[in-house]
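A.B. asks: The structure that follows is given in the form of structure tokens.
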Amino acid sequence: MPQAPQKQQTMTDQTATTPATKDMKEIVALCKRRGFVFPASDIYGGLNGFWDFGPLGVELKNNLRDLWWKAMVTTPPLGPDGAPVEIVGVDSAIIQNPKAWVASGHVGGFSDPMVDDRETKLRYRADHLNYFFLRPLDGGIIKINGKPAKALAFVEGTSNQDIEKRLKKLGINLKFLSQDGKLPDLMFSSAEDIPLSEIVGPDASEPGTLTEPKQFNLMFHTFVGATAGDDNKAYLRPETAQGIFLNFKNVVDSSRVRVPFGIAQIGKAFRNEVTPRNFIFRSREFEQMEMEWFCHPNEAKMWRDFWFAERVKFWKAIGLSDDSLQLRDHDRDELSHYAKEGYGTADIEYKFPFTAPGFGELEGIAHRCDFDLKQHQEHSGTKLEYMDPVTNERFIPHVIEPAAGLTRGVLALLCEAYTPDAARPSGVYLNFHPSVAPKKAAILPLTAKDQHPVIATKLYMELREQYNVDLDIKQNIGKRYARQDEIGTPFCFTIDDQTSADQTLTVRHRNTMKQDRIGLDHVADYMRKNMLLATGRA
Ligand code: ATP
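Counting in our numbering, the sequence shown runs from 1147 upward without gaps.
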């Protein structure tokens, strides 16, 4: 049987199979061209699943990070009683005592790349699956139950006879696939080019029921100290959440928090994903923004609903459109063991170009019950109960966890902002909400002579104290506008001859390209007003 060459999945593979209103290939190209995101180790040909953020990408990512921290820790929302809820931050180590990952279930939990079949509930080792490609002689597409089917998955070692039987059972006539009535030689070890929605599981009756492979030990490991043995094996954290649970007692003992309260953390997480794909959507090194909300078990449902609403509000406030966002309750069979006992999990999903018209997870909000604290209490031998100082009741708090991807959030912001526009020289602009735009304004002297650069530099020196602004002196003005459009700068201030004469300049709006004339000494005010309006805090 031929083996498919091992091949990295590229964006082109994805966009070729899913119709998209925004072209992912173009977005990836713009990200590289303008310095948002580069492949990691680019000059060495990259490393699958790893990405670097460039000068503008790091600003965009930091803006999202800071807005999340503000929304959670600095100015958290008002609770049901009208008072701000209480959330404090931590920044825990990436490498923790490996026992913590035993307790959390990460060491024992996933020890092979597994795929599940949602229909039959059977589970397979992903690396034990082979794929028989359905390639009709007439170039058409085979449908099963009205759904396109491009490959059948088989457990390694399945005989040709069994493949033929299965084709028959699924109603696929061999004569569609081969001229001589013999089974064609179309078994491959991988089907990376075929979306899961078009693959039929080994025992399924229709395509699209296999899940993405869930990594075995998805944790990257390393060794602490000079020797490399099992005794000093340690793991890079696969999520930031556990660092919060490990510090629950420290935070309660050292600060004045009282249940209900939250602990938030932003930081790197590492997962040795089987199939990193879709640009920075699924990578092997990424950042998370997680908050564990500790509450009384009786109030868990109320707080779960509270955080569902607050988190959707957050993404909308920073520019994701209503149409592109949805809150989806997990089906019962998707729930993790702890969630099954509680009030379930919902995902906030975004309509990424490669999932459209479907949606992909942006943030998960789970009721984790008392699973984590109980596990850590048992494994560490340290009591992790909370005592209510008013009622003296002792209990292990339940947890509601809004867990968002920072890197994935950046991708959603980029996809949302990307706006093709044939009417402008750049052909495209990034319609960033001003609160996330990497550059809030550009200051552009019309020419590099006369007083233009002098006035521009003075204005730049004033504005940069408060905003991340660009001073761009060279090139013709059209090219400079085009560049600012492509990086999503909301305002351009242009200094011209009239500025020296009457102390006014033009302000150009990114989305409309409309230009107004305002006084030079009103620029700071203008920025303040527009930035405030833009963040909804005017
Ligand atoms: P998925 O189902 O996409 O694998 P998950 O449900 O395992 O994600 P969580 O463990 O809930 O994800 O992590 C919280 C958030 O972290 C996700 O909603 C996502 O935004 C982000 N995230 C998870 N895995 C990755 C990854 N490999 N690359 C980038 N972001 C990720």
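All C-beta atoms, glycine included, are put in the ideal place defined by N, C-alpha and C.
1) Do Phe1498 and Cys1561 have their C-beta atoms closer together than 7 Å?
2) Are the Cβ atoms of Lys1207 and Phe1199 separated by less than 7 Å?
3) How about Lys1586 and Tyr1613: do their beta carbons lie closer than 7 Å?
4) Looking at the structure shown, is Ile1494 part of a helix, part of a strand, or coil, going by DSSP?
5) Using the three-state DSSP reduction, which class does Lys1379 fall into: helix, strand or coil?
6) Which class does Asp1671 belong to by DSSP, given the choice of helix, strand or coil?
7) What three-state label does DSSP hand Gly1665 in the structure shown?
8) Taking the straight line between their C-alpha atoms, what separation do you get for Gln1155 and Phe1517?
9) Within its chain, find whatever has a CB closer than 8 Å to the CB of Glu1433; leave out the 5 residues flanking it on each side and keep chain order.
10) With a cut-off of 8 Å, do at least 3 Cβ pairs link the stretch 1433-1442 to the stretch 1172-1190?
11) Going by C-alpha distance, which of Glu1539, Lys1296 and Asp1493 is nearest Ile1511?
12) Cα separation between Lys1311 and Phe1427?
13) For Asn1418 and Asn1393, I'd like the C-alpha separation in whole angstroms.
14) Between Gly1634 and Leu1678, how many whole angstroms is the CB-CB distance? I'm expecting something under 8 Å.
15) State the beta-bridge partners of Asp1263 as determined by DSSP.
16) The beta strand (DSSP E) spanning Arg1554 covers which residue range?
17) Helix, strand or coil for Asp1399 per DSSP?
18) Quick one: does the C-beta of Thr1221 sit closer than 6 Å to a heavy atom of the ligand ATP?
19) Identify the residues that DSSP records as bridge partners of Met1437: which are they?
20) I'd like to confirm the pairing. Which residues does DSSP put opposite Gln1472 in its beta bridges?
21) Comparing C-alpha positions only, which one of Met1659, Thr1658 and Leu1651 sits nearest to Tyr1672?
22) What do you reckon, is the C-beta of Gly1285 under 6 Å from a heavy atom of the ligand ATP?
23) Can you tell me which residues form a DSSP beta bridge with Val1301?
24) Can you tell me which of the three DSSP states Phe1369 falls into?
25) Is there at least one non-hydrogen atom of the ligand ATP closer than 6 Å to the beta-carbon of Ser1467?
26) Any heavy atom of the ligand ATP closer than 6 Å to the beta-carbon of Gly1551?
27) So for Lys1216, helix, strand or coil by DSSP?
28) Let me check understanding here. Comparing Cα to Cα, which of Lys1289, Phe1322 and Arg1271 lies closest to Val1301?
29) For the alpha helix (DSSP H) that Tyr1606 lies in, which residues bound it at each end?
30) Please state whether DSSP places Leu1332 in a helix, a strand or coil.
31) Report the three-state DSSP secondary structure of Tyr1532 (helix, strand or coil).
32) Is the Cβ-Cβ distance between Pro1584 and Ala1602 less than 7 Å?
33) What residue range is occupied by the uninterrupted alpha helix (DSSP H) comprising Lys1620?
34) Skipping 5 residues on each side, what residues in its chain have a beta carbon closer than 6 Å to that of Asn1676?
C.D. replies: Here's the rundown:
1) yes
2) yes
3) yes
4) strand
5) strand
6) helix
7) strand
8) In this prediction, Gln1155 scores a pLDDT of 29, lower than 50, which makes its location untrustworthy; the coordinate-derived value is nonetheless stated afterwards. Looking at the two C-alpha atoms, the distance is approximately 36 Å.
9) Lys1207, Arg1211, Ile1412, Gly1413, Lys1414, Ala1415, Gly1551, Leu1552 and Thr1553
10) no
11) Asp1493
12) 39 Å
13) 25 Å
14) Gly1634 to Leu1678, Cβ: 19 Å. No contact.
15) Leu1356
16) That residue, Arg1554, is in no beta strand (DSSP E); its alpha helix (DSSP H) goes Leu1552 to Ala1563.
17) helix
18) no
19) Ala1410
20) Glu1495
21) Leu1651
22) no
23) Leu1275
24) strand
25) no
26) yes
27) helix
28) Arg1271
29) His1598 to Leu1609
30) coil
31) strand
32) no
33) Element bounds for Lys1620: n/a, residue is neither H nor E.
34) none
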